[in-house]
Amino acid sequence: MGIETIVRESEANRIQAQTWFSHPEKSKVSFRYDERETSSIRSISIETFLSFYSSNFNREPFSILDIGCGQGQVIQYLNNRYQEVELTGIDSSAQAISSAKKLGINAAFICSNVENIMQYVSNKYDVIFIHLCFGLFKNPIDVVNTLIHLLSDESCIYIVDLDRNSLRDGLNTAQSREEEAYLKDQYRASLTLAEFKQLLCLVTKKQQGVSFHVGNSFIGGFDETSSQFFSLIRNNNLQFALRAGVREQVKQSQMPALLHGWIIKNKRYT
């Protein structure tokens, strides 16, 4: 079955998954779980794309867009690292955006569905980050096609998301029936590794100067014997985040394997 058909037939699952962030009572469950189980993964993912960017483009990013920014945790982390980087976050939850704005960060926070992002931004971004919310988009193919147009000449989109085939492992991290229900809906809305690869292949195949990589290895989805893995792992900040993540996982459940997807644009070689 082609990825366009898969995406179309699974739309109801993504709509159901979204209710855990739009419904007041359900959002309490999702927020509690995510802060407990995914905060260390978030830090590792941020340091992964920062390391990837600097190793591939020999500079730090000038602008970063966080898709599904929630209450601004990623933007706050980045603001603590970089005072001069242009930071933008977008989320459909008015409550989350209100909380993000109260952080007092020099960043732009947009309250909107990502599908409408072109109404709010005209800038190009060096990094676009999509962390554990890819399965919430009404049509992820359309979203990625739109986001590619927001990439600068030296840039990347980094997507981290659940793997539908890891549902059983994911449920082991739940601490209540409500969390089990939350996770079941999130995993049902997600893709498998093969489907994810199909999707990124589809959206990049006609794009000049754009390539992609997918995987489910822990560090950016890159095989531990690859040159890219060794390039990333030498980064001191990523090493620190990994050590902190190991300490956190002693207290938490073991996080199931995740999907990692990269869309890389480099106009220098076109």
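Going left to right, the sequence shown walks through residues 1 to 270 as full-length UniProt numbering numbers them. Cβ atoms here follow ideal geometry from the backbone N, Cα and C, with glycine treated the same way.
Query                                                                                                                                                                                     : Result
Under 7 Å, do serine 55 and serine 227 count as touching if we go by C-beta distance?                                                                                                     : no
Check whether the Cβ of glutamate 115 lies closer than 6 Å to any heavy atom of the ligand FAD, and answer yes or no.                                                                     : Of ligands this structure carries none, so the ligand FAD is not represented either.
Quick one: what does DSSP say glycine 245 is sitting in, helix, strand or coil?                                                                                                           : helix
Does the stretch 155-163 come close enough to the stretch 123-137 that 3 or more CB-CB pairs lie under 8 Å?                                                                               : yes
Touch check for the stretch 197-216 and the stretch 26-37: three-plus C-beta pairs under 8 Å?                                                                                             : no
Ignoring anything shorter than 4 residues, give me the alpha helix (DSSP H) runs that lie fully in the stretch 93-117, in order along the chain.                                          : 94-101
Report all residues from its chain with a CB closer than 6 Å to the CB of glycine 170; omit the five preceding and five following residues, and keep chain order.                         : Leu183, Tyr187, Pro256
If we ignore side chains and look at the alpha-carbon of each, how far apart do alanine 108 and tyrosine 77 end up?                                                                       : 15 Å
Quick one, are the C-beta atoms of serine 63 and glutamate 35 less than 7 Å apart?                                                                                                        : no
Look at the Cβ atom of glycine 135, then the Cβ atom of alanine 17, and state whether they are nearer than 7 Å.                                                                           : yes
I need the straight-line Cα distance from isoleucine 110 to histidine 23, nearest angstrom please.                                                                                        : 20 Å
Count the other C-beta atoms from every protein chain shown that fall within 10 angstroms of the C-beta of phenylalanine 240, then say buried if there are 16 or more, exposed otherwise. : exposed
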